[in-house]
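Which chain is which? The protein sequence lines are A and V, in order.
Be aware that the first sequence starts at 22, since it is given in my numbering, and climbs by one per residue.
Be aware that the second sequence starts at 4, since it is given in my numbering, and climbs by one per residue.
Everything below concerns the one structure shown next.
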Amino acid sequence: MQEAIDIALNVSLVTHLILIAFAVWRVWSGENAIDRLIAVDLTGTLILAVLVIITLREQQGLYLDVAMGLAALGFTATVLLGKYFADQRLS
Amino acid sequence: MELLIQILILVAVISGTLFSIVGVLGMLRLPDVYTRLHAVGKVSVFGVVLLLIAAKTLGAVDLGKSILLIIFLVIAGPTLTHSLAAAAYRMGIPVQRAVRNDLATRFPPPAPPEVQARLDGPEASTDQAKDGD
Chain A
22 MQEAIDIALN
32 VSLVTHLILI
42 AFAVWRVWSG
52 ENAIDRLIAV
62 DLTGTLILAV
72 LVIITLREQQ
82 GLYLDVAMGL
92 AALGFTATVL
102 LGKYFADQRL
112 S
Chain V
4 MELLIQILIL
14 VAVISGTLFS
24 IVGVLGMLRL
34 PDVYTRLHAV
44 GKVSVFGVVL
54 LLIAAKTLGA
64 VDLGKSILLI
74 IFLVIAGPTL
84 THSLAAAAYR
94 MGIPVQRAVR
104 NDLATRFPPP
114 APPEVQARLD
124 GPEASTDQAK
134 DGD
């Protein structure tokens, strides 16, 4: 049963890396600014998922602290950039 | 009991990965910004949270830290989606294939920039001609 969990974690890690490649390609070829911004946020979320999978594989809680910082920074940056694109100002 | 916990971890990892795949597929295939936002919200709220539940069940991390991150993700995901959808509507990005748009009866959508430029085009040029005269 432990082998099945290891195989599932490896497959999940590789799948998420492929999905990150698709999301980055979408940042390159988006239709408008909000579309690209959604793709940037999706990339951040998938990197968060990769960090959680590495936590599961290596059995170390250190990666989860990195994931918390990344989640907070990505949330703030995306909300501020969306407001900036809509209003053309940051206040 | 040990087998039950391992089956729970396996199911959580597999379903979290499936939610991520569905979210990215929706990002690539859906027609406009609002439906893509709907698909991307699934990755944040279900994909990562199911993986975090697996991590907590495996005992790799503290209980408090994973609960804190789960609560943050569940609050931040809908906030982000709402903020980006409001920004897109205020920028005038059109809704594709909508059956009805209740928001347009109270707040009519602004025209997208190229349409607005085409509407303003002749008048702006005549104004400039008058100013030139």
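Heads up, the beta-carbon is just placed ideally off N, CA and C, and yes, glycines get one too.
7 Å Cβ cut-off: residues of chain A touching residue i
{"i": "V:D65", "result": "G82"}
{"i": "V:L40", "result": "I59"}
Beta-carbon proximity list for residue i, same chain, < 8 Å, skipping 5 on both sides
{"i": "A:V73", "result": "Y84, L85, A88"}
{"i": "A:L94", "result": "none"}
Within chain V, the residues that residue i reaches when beta carbons sit closer than 7 Å
{"i": "A:I74", "result": "L54"}
Option in the options with minimal Cα separation from residue i
{"i": "V:L21", "options": "V:V36, V:R100, V:F49, V:N104", "result": "V:F49"}
{"i": "A:V45", "options": "A:L58, A:G103, A:E79", "result": "A:L58"}
{"i": "A:I55", "options": "V:A101, V:V102, V:H85, V:L72", "result": "V:H85"}
{"i": "A:L102", "options": "A:L67, A:D62, A:A92, A:Q81", "result": "A:D62"}
{"i": "A:G65", "options": "V:A57, V:G80, V:T108, V:G29", "result": "V:G80"}
{"i": "A:A92", "options": "V:V52, V:I12, V:A90", "result": "V:V52"}
{"i": "V:G44", "options": "V:T60, V:M4, V:I78, V:G67", "result": "V:I78"}
{"i": "V:L7", "options": "V:G67, V:T60, V:L40, V:M30", "result": "V:T60"}
{"i": "A:L38", "options": "A:V48, A:M22, A:L69", "result": "A:L69"}
Contact list for residue i against chain A, beta-carbon separation under 9 Å
{"i": "V:L7", "result": "In chain order: nothing, as chain A lies at least about 11 Å away."}
{"i": "V:V46", "result": "L40, L63, T66, L67, A70"}
{"i": "V:L11", "result": "What V:L11 touches in chain A: nothing, since even the nearest Cβ is about 11 Å away."}
{"i": "V:F75", "result": "M89, A92, A93, F96"}
Residue i, enclosing alpha helix (DSSP H) - first and last residue
{"i": "A:N53", "result": "Unbroken run through A:N53: none, as it is neither H nor E."}
{"i": "V:M138", "result": "The structure shown does not extend to residue 138 of chain V, since chain V spans only 4 to 136, so no value can be given for it."}
{"i": "V:M4", "result": "Looking at the DSSP string, V:M4 is not in any alpha helix (DSSP H), and its letter there is neither H nor E."}
{"i": "V:V52", "result": "51-61"}
{"i": "V:L106", "result": "106-109"}
{"i": "A:R47", "result": "23-49"}
{"i": "V:G44", "result": "36-45"}
{"i": "A:V113", "result": "Nothing can be reported for residue 113 of chain A, as the shown portion of chain A is limited to 22 through 112."}
Neighbourhood of residue i by C-beta, 6 Å cutoff - its chain only, sequence neighbours within 5 removed
{"i": "V:V46", "result": "S23, G26"}
{"i": "V:V14", "result": "none"}
{"i": "A:F15", "result": "Here chain A has residues from 22 to 112 only, and residue 15 of chain A is not among them."}
{"i": "A:F96", "result": "none"}
{"i": "V:V16", "result": "A57"}
Cutoff 7 Å; reference residue i; Cβ partners in own chain excluding five residues on either side
{"i": "V:L55", "result": "S69, L72, I73"}
{"i": "V:V98", "result": "D35, Y37, N104"}
{"i": "A:S33", "result": "I74"}
{"i": "V:L76", "result": "S47, V48, V51, V52"}
{"i": "V:R39", "result": "G29, M30, L33"}
{"i": "V:S18", "result": "L53"}
{"i": "V:P112", "result": "Y92, G95"}
Where residue i meets chain A, residues with beta-carbon distance less than 8 Å
{"i": "V:I17", "result": "A29, S33"}
Chain-ordered neighbours of residue i on chain V, where CB pairs are closer than 8 Å
{"i": "A:V87", "result": "None at all; the shortest Cβ gap to chain V is about 11 Å."}
Any C-beta of chain C under 8 Å from that of residue i
{"i": "A:L111", "result": "Here the protein chains are A and V, and chain C is not one of them."}
Between the region 19-35 of chain V and chain A, which residues of the former have CB atoms less than 8 Å from a CB of the latter, in chain order? G19, T20, S23, I24, G26, V27, M30, L31
Which of the residues in the region 80-112 of chain V, read from start to end, lie with their CB under 8 Å from any CB of chain A? T82, L83, S86, L87, A89, A90, A91, R93, M94, I96
The region 30-56 of chain A: which residues have C-beta closer than 7 Å to a C-beta of chain V, in chain order? L30, S33, T36, H37, L40, F43, A44, R47, N53, I55, D56
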